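A quick write-up on the structure given underneath.
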Amino acid sequence: MSKIDIHADDYCLSPHTSEDILNCIRAGKLDSISVVTNMSCYEQYAQKYLDEKDSWHQLLKLSVHLNFMEGHCLARVEDVPDLVDKNGYFNISWGNLFLWNYSPRKYVRIKKQLKSEIKAQVERFIDFFGDKQAIRFDSHQHTHMIPICYWALLEVIVEQHYKTEYIRITKEPIIPYLINISLWKTYKPVNWIKNLLLNFYALGMEKTIEENKPSWQEDNMPMYLWGVLMSGKMDVKRVTKLWSDMSQKAQTKGRKLEVLFHPGAAAADEMGEEFCNQEANKFYLSEGRNIEYECVMELEIRLQRKLYEH
682 MSKIDIHADD YCLSPHTSED ILNCIRAGKL DSISVVTNMS CYEQYAQKYL
732 DEKDSWHQLL KLSVHLNFME GHCLARVEDV PDLVDKNGYF NISWGNLFLW
782 NYSPRKYVRI KKQLKSEIKA QVERFIDFFG DKQAIRFDSH QHTHMIPICY
832 WALLEVIVEQ HYKTEYIRIT KEPIIPYLIN ISLWKTYKPV NWIKNLLLNF
882 YALGMEKTIE ENKPSWQEDN MPMYLWGVLM SGKMDVKRVT KLWSDMSQKA
932 QTKGRKLEVL FHPGAAAADE MGEEFCNQEA NKFYLSEGRN IEYECVMELE
982 IRLQRKLYEH
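Counting from 682, one number per residue, gives the positions in the sequence shown under the numbering used here.
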């Protein structure tokens with residue numbers, strides 16, 4: 682039977698987002714969450730997590746959700762000048778990072794700035810959650826999959842001697858989507874592009890992480906991530922229909938299956954200056970996040986039996 686991990690991104694993105702995710706945790710629906718450390722509600726909801734965790738039946742795994750897309754930098758503004766505006770808020774896009782990755786003139790300069798910010802975000806995570814457990818990593822909008830970003834991350838891990846047990850590799854199976862013909866029209870075309878691009882980067886990232894693993898780092902278990910092509914609308918109907926094929930694919934390949942949800946919706950009155958990514962804001966406020974919340978809350982009823990069949 683393959684290991685299946687029900688995961689929620691974006692804890693500490695906003696108060697409302699965090700409350701939704703806490704409700705999922707309290708109901709025992711999640712195995713792990715990713716924590717955004719550079720938003721204004723971080724301290725409040727990091728502490729709330731710590732205050733409540735002993736009352737939960739399960740011990741969740743936490744990941745640092747590296748964020749270069751919005752919020753205020755945690756590194757000094759003068760150390761990350763190409764990433765932020767004059768007030769210290771991020772003002773770059775995924776496309777900027779993609780282009781810088783292939784720019785001989787900018788690569789070294791940008792990687793140095795990314796390293797400063799990565800270290801600052803990890804240290805803020807450690808300030809609240811400690812470093813007794815090995816650290817896990819992923820990122821907002823999967824930016825860590827871009828080579829310039831994952832090389833920056835790997836160098837920080839080595840230089841700071843962080844004990845690391847997991848770095849998300851966004852490698853999503855395509856076959857389960859293709860064989861379920863009735864669902865073809867339900868996928869957004871742009872998400873096909875994301876799926877193919879991230880799967881391409883995953884090939885190099887898996888090899889790089891394995892070949893450059895420090896001696897103290899735990900093995901990064903081979904994995905699949907389910908949630909890119911359906912990003913923004915992991916609804917009950919489609920998740921239920923695809924569950925068997927996705928879990929079987931992971932089992933056949935000997936990989937863990939991480940099922941990624943965004944079950945926390947932001948509220949309109951939370952959209953202050955730190956929410957500086959207008960396109961992303963539409964997603965945070967979308968009905969799709971409520972749909973994903975409902976799916977997570979129904980997972981046990983609809984999928985538990987299927988989980989143990991595999």
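Cβ coordinates follow ideal geometry from the N, Cα and C atoms, glycine included. Source: prediction; values computed, not measured.
Item                                                                                                                                                                               : Value
Among all the DSSP beta bridges, which residues are the ones paired with arginine 790?                                                                                             : Answer is none; arginine 790 lacks a bridge partner.
Excluding the 5 residues flanking isoleucine 685 on each side, which residues of the same chain have their C-beta closer than 7 Å to its C-beta?                                   : Ser928, Leu938, Val940 and Leu988
Report yes or no: do the segment 771-780 and the segment 736-751 share at least 3 C-beta pairs separated by less than 8 Å?                                                         : yes
With DSSP run on the structure shown, which of helix, strand or coil describes isoleucine 816?                                                                                     : strand
Would you give the residue range spanned by the beta strand (DSSP E) that tryptophan 907 belongs to?                                                                               : 904-907
For the alpha helix (DSSP H) that contains serine 925, what are its first and last residues?                                                                                       : 917-934
Threonine 718 and leucine 755 - do their beta-carbons sit closer together than 8 Å?                                                                                                : yes
Look at the alpha carbon of aspartate 992 and the alpha carbon of asparagine 901, and state the distance between them as a whole number of angstroms.                              : Residue 992 is absent from the model: the chain starts at 682 and stops at 991.
Per DSSP, which residues does serine 713 bridge with? Please list them.                                                                                                            : His688 and Lys742
Quick check on DSSP: helix, strand or coil for arginine 983?                                                                                                                       : Only weak support exists for where arginine 983 lies, its pLDDT of 46 falling under 50; the value from the coordinates is given anyway. It is helical.
Using C-beta distances below 7 Å, list every residue in its chain close to glutamate 955, excluding the 5 sequence neighbours before and after it, in chain order.                 : Met720, Ser721, Glu751, Gly752, His753 and Tyr770
Can you tell me the Cα-Cα spacing of isoleucine 706 and proline 828, whole angstroms?                                                                                              : 33 Å
Straight-line CA distance for asparagine 971 to aspartate 690?                                                                                                                     : 14 Å
Are the segment 869-879 and the segment 849-861 touching by the rule of at least three beta carbon pairs closer than 8 Å?                                                          : yes
Between which two residues does the beta strand (DSSP E) containing proline 940 stretch?                                                                                           : Inspection of the sequence shows that residue 940 is occupied by valine rather than by proline. It spans 937-942 - the beta strand (DSSP E) in which valine 940 sits, taken as one unbroken run.
Helix, strand or coil: which one does DSSP assign to leucine 747?                                                                                                                  : strand
Among Lys742, Ser715, Lys922 and Leu780, which residue has its Cα nearest to the Cα of serine 863?                                                                                 : Lys922
Between the Cα of glutamate 973 and those of Pro785, Asp701, Ile848 and Thr867, spot the shortest distance and give me the residue it belongs to.                                  : Asp701
So what does phenylalanine 771 bridge to, in DSSP terms?                                                                                                                           : Val765
Return the residue from the list Lys767, Asp763, Arg919 and Cys693 that minimises the CA-CA distance to valine 789.                                                                : Asp763
To the nearest angstrom, how far is it from the Cα of aspartate 675 to the Cα of valine 837?                                                                                       : As displayed, the chain neither begins before 682 nor continues past 991, which places residue 675 out of reach and without an answer.
Rounding to the nearest angstrom, what Cα-Cα distance links lysine 796 and tyrosine 905 in this structure?                                                                         : 26 Å
Where do the ends of the beta strand (DSSP E) carrying glutamate 846 lie?                                                                                                          : 845-848
Between which residues of its own chain and asparagine 958 is the CB-CB distance below 6 Å, once the five residues before and five after are set aside?                            : Met750 and Glu751
For asparagine 962 and leucine 711, what's the separation of their Cα atoms in angstroms?                                                                                          : 24 Å
Roughly how many whole angstroms lie between the Cα atoms of tyrosine 783 and glycine 913?                                                                                         : 29 Å
Under a CB-based cut-off of 8 Å, is lysine 922 close to chain B?                                                                                                                   : This model lacks chain B altogether; it includes just one protein chain.
Quick one: grab the DSSP three-state call for histidine 842.                                                                                                                       : coil
Leaving aside the five residues before and after lysine 866 along the sequence, list all residues of the same chain whose C-beta is less than 7 Å from its C-beta, in chain order. : none
Quick one: what's got a C-beta closer than 8 Å to phenylalanine 881's C-beta in the same chain, skipping five residues either side?                                                : none
Nearest to tryptophan 781 by CA position, among Ile807, Lys742, Phe810 and Thr824, is which residue?                                                                               : Thr824
Express the C-alpha separation of glutamate 892 and alanine 948 in angstroms, rounding to a whole number.                                                                          : 43 Å
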